[in-house]
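*Asks:*
Numbering (my numbering), first residue to last: 1 to 178.
#1: Roughly how many angstroms lie between the CA atoms of residue 88 and residue 25, to the nearest whole one?
#2: Rounded to the nearest angstrom, what separates residue 182 and residue 6 at their Cα positions?
#3: So what does DSSP say about residue 48, is it helix, strand or coil?
#4: Can you give, in chain order, each stretch of the alpha helix (DSSP H) that sits fully within the region 16-99 and has at least 4 residues?
#5: Determine whether the beta carbon atoms of residue 75 and residue 68 lie at a separation below 8 Å.
#6: Given residue 138, which residues of its chain have a CB within under 7 Å of its CB, disregarding the five upstream and five downstream residues?
#7: With a cut-off of 8 Å on the beta carbons, I'd call residue 64 and residue 42 a contact; round off their distance for me.
#8: For residue 56, count neighbouring C-beta atoms within 10 Å of its own C-beta (all shown protein chains included) and say buried if the count is 16 or more, exposed if not.
#9: Beta carbon of residue 99, beta carbon of residue 79: below 8 Å?
#10: Are the beta-carbon atoms belonging to residue 95 and residue 66 less than 8 Å from one another?
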C-alpha cells in the first residue's frame, strides 16, 4: 500500500493531534465518546473483513457489536443497518441474528438492572430528550417512529440504503479491498 505522508509528516500530525485534541481530559471526566468511536470503528472494520471472506469468531463479532451498543445506544443504528444488510447475502443470513443479539443483550441488561433499582427501562438521558414522557419502551418506539415519519426523516433513512446498493450492487464479484 502507498503511504500518503512521509514518516516526518506522520510524526508531526501525531504530535499535533496529541496536543490539540483534549483526549486525556475527555477520558478523565468520564466521557464515553472515545470508546464509542473506537468500538464503532472496530465493528466497521470487522464487518468489512467478514464481508470479504475473512473468518473469525462470531462470538467476537457479537461482543464487538454489544460493546458498541452498550457504550452509546446510537450504535444500535449502525449495528441494526449492518444486520439488515447481512439479510440480503445468501448463506450469511444467520449473521443478522448474531447482530440482533448484539443490540438486544446490552439494552435488556441495562433495562432489567435499572428497573430492579427503581428506574425506567430506558436511560434517563433518552427519556428527557423528548417533549413527551415515556414510561415504557412501546411508548418510546411509537413516538420515535411518529417523529421520524412526521419530520421527513423517513426519506433520509431510505436514501442511505439506496445509495449503498447503487454503489455496491448485489452480486458484484470484485472485492471491495483494493
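Yeah, the Cβ is synthetic: ideal placement off N, Cα and C, and Gly gets one too.
*Replies:* Quick answer:
#1: Distance between the alpha carbons of residue 88 and residue 25: 43 Å.
#2: Here the chain comprises residues numbered 1 to 178, so residue 182 is not present and cannot be evaluated.
#3: Note: residue 48 maps to helix in three-state DSSP.
#4: If we require 4 residues or more, the alpha helix (DSSP H) runs fully inside the region 16-99 come out as 23-28, 33-51, 58-71, 75-87.
#5: Yes; because the gap between Cβ atoms is below 8 Å, this pair is in contact.
#6: None.
#7: With a beta-carbon spacing of about 6 Å, residue 64 and residue 42 fall inside the 8 Å limit used to define contacts.
#8: Exposed.
#9: One thing to note: residue 99 has its Cβ within 8 Å of the Cβ of residue 79.
#10: The criterion of a C-beta distance shorter than 8 Å is not satisfied by residue 95 and residue 66.
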